[in-house]
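To start, the structure itself, in structure tokens.
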Amino acid sequence: MKLDHYLIDVVGRKIGTILTALCEVATTLVDVIVNSSEIVDLPPRFEAHDYNFAIYENAEPQTITVLHAFHPLADDDHPIVYDILDDPVNLNLKSEYFSVDSSTGELRSLQPFDYEQKQFYRFEVSACLQGNKTSCGSCKVTVSINDENDNSPQFQQPSYSVDLSIDTPVGTEVARFIATDADSGNNADISYALKTPSG
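Residue 79 in numbering that gives the first Met the number 0 sits at position 80 of the sequence shown, and the numbers go up by one each step.
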């Protein structure tokens, strides 16, 4: 049952010393009336202002986390409604990349991501008490994409031709091959070896 106002008793106590013993020497009681309309205008509050999560590139759509917001008047009849705020920079953010369940706050990825294209996504999630969209709380979410070793090294050209004279000394550098890898960190380390001819 919802009340139109709440009565709160606030007690103030003064502690003094009488004959070396701590004693309560004065007490004041005051009533504070809080109108529920004022509480309704309070925005829901998330457990944190900033959230940071990480998922691996190429991972299938998955639950990232469940966001929770609190409001003193929230119940089954007046639930908190969650939404991803529109981002003018990433217009397709909440239709192609992420979704949040409006009832539970469950944040999900909607597709596999490519680290080489984008390393992180930042956006805001709102929480509003149903029926009062003028006073909403929000939190900032950063989802980082972890790199996977999913790229093969690439040589600068597909084939090489080297001409040697018959008297070329042993140990002479006759060619230098350079390859690059689009992955990052240790995943981009390259080692070289001669491949044994087949056949």
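Even glycine gets a Cβ: it sits at the ideal position worked out from N, Cα and C.
Would you list the one or two residues that DSSP bridges to residue i?
{"i": "residue 136", "result": "126"}
{"i": "residue 178", "result": "154"}
{"i": "residue 106", "result": "64 and 99"}
{"i": "residue 145", "result": "55"}
{"i": "residue 120", "result": "142"}
Please report how far the alpha carbon of residue i lies from the alpha carbon of residue j, in whole angstroms.
{"i": "residue 108", "j": "residue 145", "result": "14 angstroms"}
{"i": "residue 129", "j": "residue 90", "result": "25 angstroms"}
{"i": "residue 54", "j": "residue 182", "result": "16 angstroms"}
{"i": "residue 81", "j": "residue 98", "result": "10 angstroms"}
{"i": "residue 102", "j": "residue 84", "result": "15 angstroms"}
{"i": "residue 148", "j": "residue 87", "result": "32 angstroms"}
{"i": "residue 143", "j": "residue 154", "result": "30 angstroms"}
{"i": "residue 72", "j": "residue 151", "result": "56 angstroms"}
{"i": "residue 191", "j": "residue 121", "result": "39 angstroms"}
{"i": "residue 185", "j": "residue 168", "result": "36 angstroms"}
{"i": "residue 100", "j": "residue 179", "result": "42 angstroms"}
Assign residue i to one of two classes, buried (16 or more other C-beta atoms within 10 Å of its C-beta) or exposed (fewer than that).
{"i": "residue 74", "result": "exposed"}
{"i": "residue 159", "result": "exposed"}
{"i": "residue 193", "result": "exposed"}
{"i": "residue 164", "result": "exposed"}
{"i": "residue 140", "result": "buried"}
{"i": "residue 157", "result": "exposed"}
{"i": "residue 94", "result": "exposed"}
{"i": "residue 177", "result": "exposed"}
{"i": "residue 70", "result": "buried"}
{"i": "residue 119", "result": "exposed"}
{"i": "residue 189", "result": "exposed"}
So residue i and residue j are in contact, right, with Cβ under 8 angstroms, and what is the actual spacing, rounded?
{"i": "residue 63", "j": "residue 92", "result": "Incorrect: roughly 14 angstroms between the Cβ atoms, too far for contact."}
{"i": "residue 135", "j": "residue 127", "result": "4 angstroms"}
{"i": "residue 45", "j": "residue 68", "result": "5 angstroms"}
Practice prompt. Enumerate, from N- to C-terminal direction, the unbroken beta strand (DSSP E) stretches of 3 or more residues contained entirely within the segment 41 to 96.
Written response: Counting whole runs of 3 or more residues, the segment 41 to 96 contains the beta strand (DSSP E) stretches 49 to 55, 62 to 65 and 79 to 83.
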